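Read in order, the letters of the sequence shown correspond to residues -27 to -1, 1 to 587 in mature numbering (1 follows the signal peptide of the UniProt record, and there is no 0).
All C-beta atoms, glycine included, are put in the ideal place defined by N, C-alpha and C.
Quantities reported herein were computed from a predicted structural model and do not represent experimental measurements.
Accompanying notes for the structure given below.
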Amino acid sequence: MRIALPVAAAGAAAAIAAALLSSSANAATTPPLPTKNPVVASAPSQAELKKTVAGAVASDDTAGATGESASSTSTTTPSSSASSSSSSAGHVDPKIIGGTTTTVSSAPWMAQLWYYDDRGTATESDDIGFFCGGTVVAPTKILTASHCVRDENNKAYNWHANGAVITGTTYLPSTDETTGETDFHGGTVSGVWQQWNNPSYSPTTINNDIAVLTLAAPVKATPIRMTTSTDTSSYTGTAATTAKVYGWGRTSSTTQDISEQLKTATLPIQSDTTCTGAYGSDFIKGDMVCAGKAATGSDTGTTSACNGDSGGPLVVNNRIVGVVSWGVKDCVTKGAYSVFTKVSKYVGVVYPRIDDTNLSSDLKADVWERKSSTKTGYEQDSTGTALGARTSWNNWDGVNLVLQTDLDRDGYQDLVYRDSSSGDVYWAHWVLNSAGDSGDWAVKKIFSAWKTRLRVIAPGDVNGDYVPDLLSVDSGGTLWIYPGKGNGTFSTRVKVSTGWNQYNSVRAHGDFTGDGKVDLIARKSGSDDLYLYKGTGTAGTGAFSARIKVRSAWTGYNAFDAVGDITGDGKADFLARTPGGTLYLYAGTGKATSDIFSARKSLGTGYQQYDIFG
């Protein structure tokens, strides 16, 4: 629920500033408290999660397959020196051959993904159980492979009902033979609330193999960042470019024995030419990357990821550059390499799923608005193509700015709003109870006397640390970044640049260009030209690239906002309202050009009655 005051039309910049900064005769003496509770994440009980893990541990099915019998039905045939063996593309079990054992302190973001579905029958013959790796990329977000989320027929596994995620431990679970109790070795067992996979995923080619699981509650594991869309140095294919892969699992191509302790191996990144030479058309340049030295044909001399390291990370310079995707059967066929999803290609579509907080918790951004006559706040949920019926948030008098964000990265929407009279800025955030099934709103003052700030913006993570930040434009037109710490506090502000008082609108939430970095959209007073400021993922004077004009003379609108990904396609969208009250959706295209938006689509009329949008 990201909200901001509507912006006046051309030639009225002074009036806008006055409206933004005006005091209300009925200004709140205390900050308002949200009255509508968020959709609370649900998950199986701890007892049920432990049962899921136990069932998965006892199973030997394969991720991406519907059951044991399907584990060898989808194969490809590598070419060149690896042509003597079929590739069990995507159907993988955990294994790093070679390498060394390590601890979770060296890789605190590692996650174990356990899936078990007894299919509701008494027989065990139709049960599905498997294991995948994953990576914590935010307190409630696990990056993994699509084939760990969907089967070989592209049908989704139900991770909410049948999945469990373990973080914070070096070891796989073990069972006491005497008591039957499962020991998680200090790890945290979490339920899955939601799942998302790349909609372009193909189980036939194992292409676009990337997915995100959303946990029901934040975990304490330290997240790791994804690489950026502009990263090329991690994929150079030179001898100097090495990466580390992490996982649990089989330690030999000749047995099913697994490693109880987390393992890691160092693999050189290979060039696209080398990968194509090994796998022919099975290797899709630009979407995949392969790594490791050519396998020798046996365990001796081979260091490789393999079956079931699936979904785990390939790491270069403390960033994820690849997700374990597929390889040849038993992983040691002479001339073979490990194949990974190339994260730089997909960071743009994945990032909105990591920073996807919205009102209805359905992975689509929603609209919040305040009716000017009654000061009542309303919510309208996105269906992907339209907005649903409004629901009331009761009285929101005494504020002149409301913004959507998730400062504490707990997966629940926060509100940042400003008192009309004092200019004080408050943060309202949802606090779960100890049982994790309900909670309450808490309010904290985060800034004092911001009455003269021309703009306050909550765009998301500006500086690339996966923690949302805030921006403000002061009365002199200087843009400042307030780097978030993830708990409602901020590091010392950092100056970006001056001259931002030339704009009658600055809106931002999410990534408009598909590079995984948050951007700004600004409209210039007088000309009403619309500009894109591309984010760079850094703070300070280099936080945004030189502006790009994406529209000329964008007149005919008197309010704008950016609430995130309304359509659910992974691209940030934009809203514009006419003086007559028609609200238009400009769906994002991911292009940093005049084609940055698709043709506008009306979301309805009557929106002139609202004076704050979100």
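Asked	Found
According to DSSP, residues forming a beta bridge with Phe517	Gly508
Euclidean distance between Cα positions of Gly510 and Thr465	17 Å
Span of the beta strand (DSSP E), counted from its first residue to its last, around Ala532	Ala532 to Gly537
Buried or exposed (CB count within 10 angstroms, at least 16 for buried), Gly93	exposed
Lys315 versus Val296 - alpha carbon distance	7 Å
Start-to-end residues for the alpha helix (DSSP H) that takes in Ile327	Val316 to Ile327
Span separating the alpha-carbon of Ala422 from that of Ser394	9 Å
Secondary structure of Lys417, DSSP reduced to three states	strand
Candidates Gly553, Ser575, Val12 and Asp538, of which the one nearest Gly561 by Cα	Asp538
Residue span of the beta strand (DSSP E) that contains His158, given as start and end	Here His158 belongs to no beta strand (DSSP E), and DSSP marks it neither H nor E.
Asp387 - DSSP class collapsed to helix/strand/coil	strand
Whole-number beta carbon distance between Asp182 and His120, since they are thought to touch under 8 Å	6 Å
Identity of the residues DSSP links to Lys114 by a beta bridge	Ala111 and Thr187
Element boundaries [beta strand (DSSP E), containing Arg238]	A small correction: the amino acid at residue 238 is Ala; Arg does not occupy that position in the sequence shown. That run of the beta strand (DSSP E) goes Lys236 to Pro241.
Distance, Gln85 Cα to residue 589 Cα	Lying outside -27 to 587, the shown extent of the chain, residue 589 is not represented and no answer is given.
Enclosing beta strand (DSSP E) for Asp584 [first to last residue]	Tyr583 to Phe586
Residue of Gly285, Val479, Asp447 and Ser283 minimising C-alpha distance to Thr471	Asp447
Buried/exposed call for Lys122, threshold 16 Cβ in 10 Å	The question names Lys, yet the displayed sequence has Val at residue 122. Buried, because 16 or more other Cβ atoms sit within 10 Å of the Cβ of Val122.
Backbone CA spacing between Ala512 and Val469 [nearest angstrom]	8 Å
Local conformation of Asn131 per DSSP, three classes	coil
Burial state of Ser407, where buried means 16 or more other Cβ atoms lie within 10 Å	exposed
Selected residue, minimal CA-CA separation from Leu443, among Val389, Gly357, His402 and Thr425	Val389
Any beta strand (DSSP E) of 3 or more consecutive residues that is wholly inside the region 433 to 513	442 to 446, 452 to 455, 467 to 470, 476 to 480, 493 to 497 and 503 to 506
Cβ neighbours of Thr247 in the same chain (closer than 6 Å, five flanking residues each side left out)	none
Alpha carbon of Val440 to alpha carbon of Phe485, nearest angstrom	18 Å
Backbone secondary structure at Thr364 - three-state DSSP	strand
Straight-line Cα distance separating Asp546 from Ala216	35 Å
9 Å Cβ cutoff met for Pro5 and Trp403	no
Three-state secondary structure (DSSP) of Asn181	coil
Three-state secondary structure (DSSP) of Asp255	helix
Candidates Lys266, Tyr310, Tyr219 and Tyr504, of which the one nearest Ser78 by Cα	Tyr219
Where Tyr174 falls: helix, strand or coil (DSSP)	coil
Contact under 9 Å by Cβ, Tyr144 with Leu235	yes
Whole-angstrom distance between Thr273 and Ser283, CA atom to CA atom	22 Å
Contact between the region 511 to 528 and the region 362 to 381 (3+ Cβ pairs under 8 Å)	no
Enclosing beta strand (DSSP E) for Val30 [first to last residue]	Run containing Val30: none in the beta strand (DSSP E); it sits in the alpha helix (DSSP H), Gln19 to Val30.
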